[in-house]
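Visitor: Numbering (the numbering used here), first residue to last: 1 to 125. Once you've had a glance at the structure underneath, I'll fire off some questions.
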DNA sequence: TCAGTGACTCCCC
DNA sequence: CGGGGAGCCACTG
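Shown next, in the form of structure tokens:
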């Protein structure tokens, strides 16, 4: 159970500067595809404390979920500083900025074969 | 233990 | 494209 959180933190630490992952994507890579809300909860509680690049995790719509907890402006500022652009709706183009780890990286994280396969398809391998 | 919670997602108008 | 609603599930007190 503790395993999930550790995986989540490990994955988030690997997100390249200027790229983003969605909560659901992090949950999937960590082995529990439908635990996206947990990822948000973990970041809220320990994002700053653990010095994670918390700003690089956004929701599946390409929007920032942190406005609810007063971190929206800061998150947007940090992402813009990394070169990420927001369209006029405050939306980030996931096609352009979403990051998917390499097959080698996923193997190292023990991502299941099925998940890795789906991700490969998505990347057009 | 166990119910409550929520930085989510998906589906349906 | 936007809002409402119903699942989801690791974490917490």
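A virtual CB, placed ideally from N, CA and C, is assigned to each residue, including glycine.
So for residue 26, helix, strand or coil by DSSP?
Guide: Helix, per DSSP.
Visitor: Would you kindly work out how many angstroms separate the C-alpha atoms of residue 126 and residue 56, rounded to a whole number?
Guide: The structure shown does not extend to residue 126, since the chain is modelled only from 1 to 125, so the question has no answer here.
Visitor: So who's on the other strand from residue 58, going by DSSP bridges?
Guide: Looking at the DSSP assignment, residue 58 forms a beta bridge with 22.
Visitor: Mark residue 65 as exposed unless 16 or more other C-beta atoms lie within 10 angstroms of its C-beta, in which case mark it buried.
Guide: Label assigned to residue 65: buried.
Visitor: Taking all protein chains shown into account, do 16 or more other C-beta atoms lie within 10 angstroms of the C-beta of residue 22, making it buried, or fewer, making it exposed?
Guide: Result: buried.
Visitor: The alpha helix (DSSP H) with residue 2 in it runs from where to where?
Guide: 2-13 is the extent of the alpha helix (DSSP H) around residue 2.
Visitor: If I measure Cβ to Cβ from residue 85 and keep anything under 8 angstroms in the same chain, skipping five residues before and after, which residues do I get?
Guide: Here the set comprises 92, 93.
Visitor: Residue ranges of each alpha helix (DSSP H) run of no fewer than 4 residues wholly in the segment 60-123, ordered along the chain?
Guide: Here the runs fully enclosed are 72-81, 94-97, 103-108, 113-123.
Visitor: Cα separation between residue 130 and residue 77?
Guide: The shown model of the chain, from 1 to 125, leaves out residue 130, and the question about it has no answer.
Visitor: Alpha carbon to alpha carbon, how far is residue 34 from residue 115? Give it in angstroms, no decimals.
Guide: Straight-line Cα distance between these residues: approximately 13 angstroms.
Visitor: Taking all protein chains shown into account, decide if residue 28 is buried (16 or more other Cβ within 10 angstroms of its Cβ) or exposed.
Guide: Residue 28 should be labelled buried.
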